[in-house]
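Chemist: Just so it is clear: in the sequence shown, position 175 is 175 by full-length UniProt numbering, and no numbers are missing. Sharing a structure here in C-alpha cells format.
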Amino acid sequence: MDSDREFTRAGIWNWEKPDITDELHYAQYAEEAGLDSVWQGESRLVRDAMTVMGAYTQVTDEIDIAPGVTNCYTRNVALMAQTFSTLHELSGGRTKLGIGAWWDPLASKVGIDRGNPLRHMWEYCTVTRKLLDLENVTYDGDEIQVEDIELDLVRADAEPRDVPIYIGATGETMHQMTGELVGKGIVDGIFMNYFIPPEHVERGLERLEAGVEKQGGSMADVDRPQLIAVSMDEDVDVALDEARGLATQYIGQQPHITKASGISDANAERVEAELDWPATAADIERASEHVPDEVVRNIVATGTREDVIERLGDYCEAGCTEPVVYPLTDNMEDVIDAVAAAKAEGV
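See below:
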C-alpha cells in the first residue's frame, strides 16, 4: 500500500448497541487489539455519551476516549468544562472533547434556536478552552455570555486540563473556521463526518488548510480523524444491503449528507418524502429503494475485508490521519481485527 494510504492510528465509534454492556466490551476489545481511540456517539436522543465515557474510563487503561460528537448547545460552557475536567481525572488524561453544531429538526424540537452555528461554535470553544486552562472568564459574545466564572478545583488536582478539542465538521465553512481555531491555539483538530466520500474530504481540507494558514499555522498542526461507516462481509451484496438502511436515513434527514453523497436531486426528494423524524423501519425500507448501489458505495466502506481496508486507504490519501470505523454489520470484533491488522502493517 502507498504510504499516503497507510495509517498508524485507528479508532472505533460506539453507538446504540442492543445491550449497553456491549459498548464497554468493544472499547476493551479495541484497546486489547491495539487501536488508539473509542468515540462515543451522541446524535439522536439515544444514549448520553458522557455517562458511557465515564464507564470506559473504569474498564480501559490506555485508549483515548471522546464523544463523537456532542453538541455545543445542550450543555452550557461551564457544565461542559466541568464534565471534561471530571472525565480528565477519571481517565488519567485520556479524554478528548469532540463537539459539533447539532442539527435540525432535533434542535428545534427540543426548543433550541441554533442562532448562528458558526459563531456559536467559535465562542463556545474559546470559552471552554479558557475554562479548561483554569482561567477566570468573563466573555460577552454574540452567542455566549458568561461573567466571572472558573472551574472550582479546591478539592481536586488544580492543574490545567489538557483536553484536546475536536470540531465535528461536514460543511466547508466549518472546516475553514476549525482551521482558524487551530491556528489560534483554541482547538486541536477536526473530527470529519461519516457518510461522505473522500472527494468531499479533500474539498473540506482545502478550506481547513486555508483557515489554519490564515492564522499562521500549517496542516501539520491539525489532527484529522475521520469517522467512516463500514459494512464488511465476504458476500459483497450482503455488505451493500446492510449499509443501505442507515445511509438512506442520513441522506433523507441531514441536508449536508444529502449534498455530499452524490445522490441525484430527484432521488433525494423521493427519499425525503418517505421519511419523517424519527423514521420508522418501514419508512427507511421504502425510502431505500431510491438509493442506488453506487451512492451507498460512495459513502460507506463496503465489501470484503480487503475492500474495506482499501477504502479506508482512500480516506487516508484524502487527508485523514486516523480512520475511526463504525461497523454497520454485526461483526464489530472482525472489523476491529481487520483495522488493527492494517494499522500494524502500516507501522
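Beta carbons are placed, not taken as given, at the ideal position from N, Cα and C, and that holds for glycine.
Per DSSP, Gln40 forms a beta bridge with which residues?
Modeler: Answer is Asn14, Pro67, bridged to Gln40.
Chemist: Would you check if the segment 138 to 146 and the segment 100 to 110 touch, i.e. whether three or more CB-CB distances between them fall below 8 Å?
Modeler: At 8 Å Cβ cutoff, the stretches do not touch.
Chemist: Taking the beta carbon of Leu312 as the centre, do at least 16 other beta carbons fall within 10 Å, making it buried, or is it exposed?
Modeler: It is buried - the Cβ of Leu312 has at least 16 other Cβ atoms within 10 Å.
Chemist: Quick check: the Cα distance between Ala281 and Asn331, rounded to an integer number of angstroms?
Modeler: So the alpha carbons of these two residues sit roughly 21 Å apart.
Chemist: Answer with buried or exposed for Ala33, where buried requires no fewer than 16 other C-beta atoms within 10 angstroms of its C-beta.
Modeler: Buried, because 16 or more other Cβ atoms sit within 10 Å of the Cβ of Ala33.
Chemist: Going by beta carbon distance, what residues of the same chain come within less than 6 Å of Glu289, once the five residues before and after it are set aside?
Modeler: Contacts found: none.
Chemist: Determine the burial state of Ile214: buried for a count of at least 16 other Cβ atoms within 10 Å of its Cβ, exposed for fewer.
Modeler: Ile is not the amino acid found at residue 214; the sequence shown has Lys there. Exposed.
Chemist: How would you label Trp13, buried or exposed, when you count the other beta carbons within 10 angstroms and need 16 or more for buried?
Modeler: Looking at its Cβ environment, which holds 16 or more other Cβ atoms inside 10 Å, Trp13 is buried.
Chemist: Is the beta carbon of Cys316 sitting closer than 8 Å to the one on Asp64?
Modeler: No, they are not a contact pair.
Chemist: Can the beta-carbon of Glu324 be found less than 8 Å from the beta-carbon of Ser231?
Modeler: Per the sequence presented here, residue 324 reads as Val, with Glu not at that position. Contact flag unset, no.
Chemist: I'd like the ranges of any beta strand (DSSP E) spanning at least 3 consecutive residues and lying wholly in the segment 209 to 264.
Modeler: Fully enclosed beta strand (DSSP E) runs of 3 or longer: 225 to 232.
Chemist: Output yes or no for whether 8 Å exceeds the beta carbon distance between Val137 and Gly183.
Modeler: No, the pair does not count as a contact, with Cβ atoms beyond the cut-off.
Chemist: When burial is assigned at 16 or more other CB atoms within 10 Å of the CB, is Asp113 buried or exposed?
Modeler: Exposed, because fewer than 16 other Cβ atoms sit within 10 Å of the Cβ of Asp113.
Chemist: Does DSSP classify Tyr139 as helix, strand or coil?
Modeler: Tyr139 falls in the strand class under three-state DSSP.
Chemist: At the level of alpha carbons, what is the spacing between Ala243 and Leu328?
Modeler: Each residue's Cα considered, the two are about 6 Å apart.
Chemist: Please report how far the alpha carbon of Leu208 lies from the alpha carbon of Ser91, in whole angstroms.
Modeler: Whole-angstrom Cα-Cα distance: 30 Å.
Chemist: DSSP beta-bridge partners for Gly100?
Modeler: Paired residues: Asn71.
Chemist: Assign Trp39 to one of two classes, buried (16 or more other C-beta atoms within 10 Å of its C-beta) or exposed (fewer than that).
Modeler: With 16 or more other Cβ atoms within 10 Å, it is buried.
Chemist: Whole angstroms is fine: what's the gap from Ala287's alpha carbon to Val296's?
Modeler: The alpha-carbon atoms of Ala287 and Val296 are separated by roughly 13 Å.
Chemist: Given a cut-off of 8 Å, decide if Ala81 and Leu45 are closer than it, judged by their beta-carbon atoms.
Modeler: Contact: no.
Chemist: Compute the Euclidean distance between the alpha carbons of Met1 and Met50, then round it to the nearest angstrom.
Modeler: Caution is warranted here: a pLDDT of 47 is assigned to Met1, below 50, making its placement in the model unreliable, and the coordinate value is therefore given only provisionally. Straight-line Cα distance between these residues: approximately 37 Å.
Chemist: Asn71 to Thr86, Cα distance in whole Å?
Modeler: Approximately 18 Å between the Cα atoms of the pair.
Chemist: Excluding the five sequence neighbours on either side, which residues of its own chain have a C-beta within less than 6 Å of the C-beta of Thr170, listed in chain order?
Modeler: Taken in chain order, the residues that qualify are Asn193, His256.
Chemist: I'd like to know if Ile251 contacts chain B, where contact means its C-beta is closer than 8 Å to some C-beta of that chain.
Modeler: Absent here is chain B; the protein component of the structure consists of one chain.
Chemist: In whole angstroms, what is the alpha-carbon distance linking Glu272 and Glu285?
Modeler: Cα-Cα distance, rounded: 13 Å.
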